[in-house]
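For the sequence shown, this note's numbering begins at 10 and goes up steadily by one.
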Amino acid sequence: MLLNISTTSTPATDLSYLLHKHPDKLQSVDLSTGKAHIFYDEATHNRCSVNLLLAVNPIELVKNSRNNNSDFALSHYVNDRPYVASSFMSVAMAKAFSTALNGRCKNQPELVDKIMDFSVQITVLPAPKGGEMLIKRLFEPLGYAVVLKRHLLDAKFPEWGNSKYFTLNLSGSVRLKELLAHLYVLIPVLDTHKHYWVSESEVDKLIQKGSGWLNDHPEKEQITKRYLKGIGGLTHHALDRLLEKDSADLSDDNETKDEEIKVKETLHQQRLKLVLAELKQLGVKTIIDLGCGEGKLLKMLLKEKQFVKILGMDVSYHILDKAINRLHYNDMPPKQKERLQLIQGSLTYRDKRLDGYDGAAIVEVIEHLDLNRLKAFERVVFEFSKPRSVVLTTPNKEYNQLFENMDPDSFRHTDHRFEWTRQEFKDWTSEVAVKNNYQVVIKPIGEEDQKVGAPSQMAVFTRYE
Ligand code: SAH
10 MLLNISTTST
20 PATDLSYLLH
30 KHPDKLQSVD
40 LSTGKAHIFY
50 DEATHNRCSV
60 NLLLAVNPIE
70 LVKNSRNNNS
80 DFALSHYVND
90 RPYVASSFMS
100 VAMAKAFSTA
110 LNGRCKNQPE
120 LVDKIMDFSV
130 QITVLPAPKG
140 GEMLIKRLFE
150 PLGYAVVLKR
160 HLLDAKFPEW
170 GNSKYFTLNL
180 SGSVRLKELL
190 AHLYVLIPVL
200 DTHKHYWVSE
210 SEVDKLIQKG
220 SGWLNDHPEK
230 EQITKRYLKG
240 IGGLTHHALD
250 RLLEKDSADL
260 SDDNETKDEE
270 IKVKETLHQQ
280 RLKLVLAELK
290 QLGVKTIIDL
300 GCGEGKLLKM
310 LLKEKQFVKI
320 LGMDVSYHIL
330 DKAINRLHYN
340 DMPPKQKERL
350 QLIQGSLTYR
360 DKRLDGYDGA
370 AIVEVIEHLD
380 LNRLKAFERV
390 VFEFSKPRSV
400 VLTTPNKEYN
410 QLFENMDPDS
420 FRHTDHRFEW
430 TRQEFKDWTS
440 EVAVKNNYQV
450 VIKPIGEEDQ
460 KVGAPSQMAV
470 FTRYE
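Structure representation (structure tokens):
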């Protein structure tokens with residue numbers, strides 16, 4: 010499987026600086042299922058042409074595969090994966106060209122924004138039904154000229170007709186980082202398989218790589234849906250977040266635009282709303298948000314006057330930085346700033362800074378802790394900090410079987426260390442409550458399925474006085 014990118018914008022060797030890959034060397038990177046080789050077939054002042062050759066190892070593929078929906082027993086071994094551009098290609102691009110894809114160039118930073126004339130060839134690209142049209146609808150709005158050559162099913166038997174495979178040639182004038190981001194997102198969009206489980210982190214990748222172009226793309230919905238392989242919840246989530254980005258670009262007084270931004274409520278939004286409602290109803294005034302992440306709940310808490318003192322804590326500095334940006338912490342009026350404090354810390358170590366609060370929110374955090382650290386967590390929250398009310402949520406593992414494409418034995422997020430059934434959650438919460446003198450009530454989050462329950466679950470702990 011080969012991706013070729015060439016330019017005739019002089020000096021064409023700028024391409025090699027941008028890619029951080031020396032034109033005279035063959036370089037290789039390891040992938041979980043094979044290797045990607047990077048080499049140039051020409052690197053002169055007038056033309057520079059680089060290749061990314063993907064060598065997928067079908068045996069590794071079998072070892073790594075979680076799901077095989079095909080009726081054909083040997084499809085694990087005999088399939089098109091080693092030969093076509095698919096999500097493997099995106100993974101290879103992210104690994105081989107990461108600096109360029111992220112818009113960085115150490116030695117010549119000014120090159121990052123240089124618009125160059127590029128030609129791209131991808132052999133071989135699979136496309137679903139109506140593929141020719143779809144490929145054009147994806148690439149043409151981004152300013153590329155598209156030339157497609159469809160391959161026969163078997164050249165020896167032309168009467169068998171066409172296959173679903175194409176060779177794609179694109180040409181256009183763009184920045185390299187844009188070109189790579191377009192390919193990174195759109196190649197897997199055309200493929201009906203995906204080699205890794207589509208998790209929430211895929212939404213992040215889509216938002217990041219789609220930044221600056223996906224919002225305005227006429228096929229935005231289709232791209233998002235196909236990229237996330239039709240997992241309804243995630244698709245809506247991604248579209249919401251794209252809209253969120255959109256809305257951030259709008260001025261506040263633009264009512265008509267605001268009207269258009271009627272986003273569908275995602276599971277996470279529902280969850281946060283329910284948590285907020287519980288905290289309000291419990292009369293909590295001072296609150297700690299433990300594992301606060303990017304500060305989505307903090308933002309909602311800040312809007313409610315009831316919460317006079319709010320502390321967000323997370324183990325990750327990186328995510329706290331995001332929270333600071335998201336909440337515009339540095340530009341907050343002093344009164345607002347006084348109410349909010351953000352700290353770095355781990356929930357598995359006793360921390361005096363968490364003492365003396367009325368309530369705690371712990372939203373989708375415990376499943377990120379190693380099971381053998383859970384006891385430490387319990388002590389930190391329920392024995393030492395011991396707020397009067399604790400609202401805690403975690404996924405309901407039983408619901409996973411309703412997610413299309415998801416192996417019921419895997420987790421919703423790659424960082425999850427465990428996920429619990431309703432019974433497991435109930436057992437744990439009861440034990441924690443009894444041990445620490447709390448009362449506990451469990452509530453569903455999201456639409457309940459008769460058999461497997463709701464997608465997420467919430468425990469509301471209240472300390473006996
Ligand atoms: N509560 C947020 C984020 C959930 S993601 C929300 O609902 O949007 C889980 C968060 O827990 C991540 O931000 C992660 O950094 C944090 N986390 C994981 N282990 C932690 C630990 N030991 N102590 C504190 N935070 C932790």
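Where is the CB? At the ideal position from N, CA and C, for every residue including glycine.
So the candidates are the options; which of them puts its Cα closest to the Cα of residue i?
i: residue 132; options: 404, 17, 176, 341; result: 176
i: residue 450; options: 185, 393, 434; result: 434
i: residue 345; options: 311, 330, 364; result: 311
i: residue 27; options: 305, 383, 59, 37; result: 59
i: residue 462; options: 431, 167, 332, 182; result: 431
i: residue 192; options: 382, 97, 170; result: 97
i: residue 195; options: 135, 64, 169; result: 135
i: residue 470; options: 399, 186, 107, 406; result: 399
i: residue 213; options: 331, 320, 23; result: 331
i: residue 320; options: 410, 349, 233; result: 349
i: residue 456; options: 443, 408, 368; result: 408
i: residue 478; options: 188, 107, 127, 169; result: The chain is shown from 10 up to 474; residue 478 falls before or after that span and cannot be answered.
i: residue 420; options: 389, 442, 373; result: 373
i: residue 377; options: 35, 103, 43, 357; result: 357
i: residue 117; options: 103, 370, 25; result: 25
i: residue 18; options: 127, 37, 114, 107; result: 127
Using 10 angstroms around the beta-carbon of residue i, count the other beta-carbons present and answer buried if the total reaches 16, otherwise exposed.
i: residue 429; result: buried
i: residue 342; result: exposed
i: residue 359; result: exposed
i: residue 473; result: exposed
i: residue 403; result: buried
i: residue 99; result: buried
i: residue 298; result: buried
i: residue 334; result: exposed
i: residue 459; result: exposed
i: residue 218; result: buried
i: residue 166; result: exposed
i: residue 362; result: exposed
i: residue 365; result: exposed
i: residue 302; result: buried
i: residue 390; result: buried
i: residue 142; result: exposed
i: residue 380; result: exposed
i: residue 227; result: exposed
i: residue 101; result: buried
What's the C-alpha gap between residue i and residue j?
i: residue 385; j: residue 447; result: 17 Å
i: residue 200; j: residue 393; result: 52 Å
i: residue 247; j: residue 277; result: 12 Å
i: residue 149; j: residue 31; result: 31 Å
i: residue 119; j: residue 184; result: 11 Å
i: residue 307; j: residue 438; result: 24 Å
i: residue 289; j: residue 316; result: 8 Å
i: residue 45; j: residue 39; result: 7 Å
i: residue 260; j: residue 173; result: The predicted position of residue 260 is uncertain, since its pLDDT is 30 and thus under 50; a value taken from the coordinates is nonetheless stated next. Cα-Cα distance, rounded: 45 Å.
i: residue 336; j: residue 305; result: 9 Å
i: residue 112; j: residue 125; result: 14 Å
i: residue 440; j: residue 10; result: 54 Å
i: residue 123; j: residue 215; result: 24 Å
i: residue 383; j: residue 436; result: 14 Å
i: residue 340; j: residue 284; result: 27 Å
i: residue 53; j: residue 129; result: 17 Å
i: residue 291; j: residue 229; result: 42 Å
i: residue 144; j: residue 210; result: 25 Å
i: residue 14; j: residue 157; result: 16 Å
i: residue 222; j: residue 110; result: 14 Å
i: residue 465; j: residue 425; result: 14 Å
i: residue 453; j: residue 61; result: 48 Å
i: residue 21; j: residue 57; result: 5 Å
i: residue 7; j: residue 55; result: There is simply no residue 7 to check, as the chain begins at 10 and stops at 474 in what is shown.
i: residue 275; j: residue 233; result: 15 Å
i: residue 190; j: residue 225; result: 15 Å
i: residue 406; j: residue 442; result: 22 Å
For residue i, which residues does DSSP report across the bridge?
i: residue 51; result: 58
i: residue 14; result: 59, 129
i: residue 353; result: 323
i: residue 375; result: DSSP, once it has assigned bridges, lists no residue as partnering residue 375.
i: residue 429; result: 405
i: residue 399; result: 369, 470
i: residue 182; result: 126
i: residue 451; result: 468
i: residue 176; result: 132, 158
Stretch-stretch touch, CB-based, cutoff 8 Å, three pairs: the stretch 312-326 with the stretch 352-371: Between the stretch 312-326 and the stretch 352-371, the count of C-beta pairs closer than 8 Å reaches three or more; the two stretches touch.
Inter-stretch contact at 8 Å, needing at least 3 Cβ pairs: the stretch 44-54 / the stretch 157-176: Touching, no, given that fewer than three Cβ pairs across the two stretches are closer than 8 Å.
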